[in-house]
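In what follows, a structure is listed as structure tokens, so that the remarks can point back to it.
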């Protein structure tokens, strides 16, 4: 059967009008009428009867129309499915993480994700761990990569990396040529630290309590760049994870020192709401879980896998 003729009949029967069918098919009314007459001539049947200004289906017309409904219904369903698979509408992945990770860790991961998902718009928000997790629980973020001191219980998480916390001094500090220091030596130092509630601050405070030390904190702040500047005089020390100071270490004016007694780590995780995980978020998690050769970003690998320990 000629599908073009069947389509002309289908729309004329559905709209009960050859002129409306012509408008739907973007052809002239005589063209629709001719296609229907060719069907009738081929099968030696009448498909329509005219009653006044209206057209009505004959018994043969009703039979053919029931088949045409199924045929073109399936065609419409197939078209909708294909449009869904190749949809052009914009999708969004909302990522929240710390300033350090936003600048030093996530860019290569996001690049890999966008190569595989060019239609997904990535919105990256920097902030503190606690605020980002509040955004996640309010569905303002899809994924949060952070190391909160007290992770919430009502969100799902996967391990991402462990970041070692180092004692950090400038080249003007007496310790600059050293590789490690004792925790007890910190007792006599003036400290510049992150704000209360930050993961690094919480880990360092816990360490001081463990060894019965009282810290002499001269300054605290949210801005890592401000803290680095305060170290330049050589009379203060601070605490950083390595990605935060890699540039300054390479330039030779900051030095990370390990603690003699024990190594101190932050456990960085990927947080999400399992019941509200969008397709782009699932895709990003798959990239984080992709097979790898065990190397980190700086060592030549594409991405840090779940799970990687970072340090010197």
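Residue numbers (our numbering): 320 to 631. By construction, the Cβ of each residue, glycine as well, lies at the ideal position given by its N, Cα and C atoms.
Neighbourhood of residue i by C-beta, 8 Å cutoff - its chain only, sequence neighbours within 5 removed
i: residue 336; result: 374
i: residue 323; result: 354
i: residue 562; result: 419, 420, 423, 424, 482, 629
i: residue 460; result: 413, 414, 415, 444, 451, 454
i: residue 440; result: 409, 410, 411, 412
i: residue 493; result: 553
i: residue 345; result: none
Residues sharing a beta bridge with residue i, DSSP
i: residue 442; result: 413
i: residue 370; result: 373
i: residue 535; result: 509
i: residue 540; result: 513
i: residue 586; result: 481
i: residue 338; result: Answer is none; residue 338 lacks a bridge partner.
i: residue 575; result: 487
Cutoff 7 Å; reference residue i; Cβ partners in own chain excluding five residues on either side
i: residue 497; result: 576
i: residue 552; result: 491
Option in the options with minimal Cα separation from residue i
i: residue 418; options: 443, 571, 490, 516; result: 443
i: residue 327; options: 380, 369, 363, 372; result: 380
i: residue 590; options: 506, 458, 508, 422; result: 458
i: residue 450; options: 481, 438, 471, 431; result: 471
i: residue 603; options: 396, 437, 412, 391; result: 412
i: residue 533; options: 474, 540, 523, 541; result: 523
i: residue 666; options: 607, 568, 320; result: The question about residue 666 has no answer, for the chain in this structure spans 320 to 631.
i: residue 489; options: 550, 540, 511; result: 550
i: residue 581; options: 527, 605, 574, 568; result: 527
Same chain, Cβ closer than 6 Å to residue i, five either side skipped, listed in chain order
i: residue 513; result: 519, 520
i: residue 407; result: Model confidence at residue 407 stands at a pLDDT of 44, short of 50, so the residue's coordinates are unreliable and nothing is read from them.
i: residue 340; result: 330, 331, 334, 351
Buried/exposed call for residue i, threshold 16 Cβ in 10 Å
i: residue 420; result: buried
i: residue 503; result: exposed
i: residue 599; result: buried
i: residue 299; result: Residue coverage of the chain in this structure runs from 320 to 631, which leaves residue 299 outside it and unanswerable.
i: residue 399; result: exposed
i: residue 529; result: exposed
i: residue 484; result: buried
i: residue 543; result: buried
i: residue 556; result: buried
i: residue 501; result: exposed
i: residue 338; result: exposed
i: residue 566; result: exposed
i: residue 538; result: exposed
i: residue 430; result: exposed
Which full runs of the beta strand (DSSP E) of 3+ residues lie inside the stretch 439-526, going along the chain? Listed in chain order, they are 439-445, 462-465, 475-489, 509-513.
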